[in-house]
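Report on the following structure.
Residue numbers (the working numbering): 3 to 181.
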């Protein structure tokens, strides 16, 4: 079956191609893991993340985003990650409730690497948010998938959308009479 290309499809395709060449960062908006990161690094990062957060089966797509965000902040991140894995293996650290005692015996940089990884998963971003600054090093990982929402998920919903009807905030709530 032959398919012809109409003018609209051609223009849309050319516009998308032009936009991606003029704005190379735009392709990273939908990419989970860049091609230049070895798959073994992501596998190791995911395994380490599951160990640090004590959460089995973390999302591998989010792992790619978190890894890339940490790598963008620190080009030496892969080496520091491997050092952390080695130190945890040597200390036979499997229960993160013993991390504090482990961290007291490690260099600060190694402990900070663990904290950065845990923060990426719990907060849903890497780096330090500096408000409206264009110089902050924050990289988005996830919003809904951030682990910080898990402990209270049975009592509260993830704050993504309004819980009321359209314009629910216009009328003040009814006052309750107290005696």
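Don't be surprised by glycine CBs; every beta carbon is placed ideally from N, CA and C. Quick caveat: nothing in here was measured; it's all calculated off a predicted structure.
Taking the Cα positions, residue 126 is about 42 Å away from residue 180.
Shown here for residue 61: same chain residues with a beta carbon closer than 7 Å to its own, the five before and five after excluded, namely 147 in chain order. In this structure the segment 93-101 does not lie against the segment 67-77, because fewer than three pairs of beta carbons, one per stretch, are closer than 8 Å.
Residue pairing by DSSP puts residue 141 in a beta bridge opposite 128.
Residue 144 places its beta carbon less than 8 Å from that of residue 64.
A direct Cα-to-Cα measurement between residue 124 and residue 80 gives close to 20 Å.
Between residue 75 and residue 129 a beta carbon distance of about 5 Å is seen, short of the 8 Å cut, so the two are scored as contacting.
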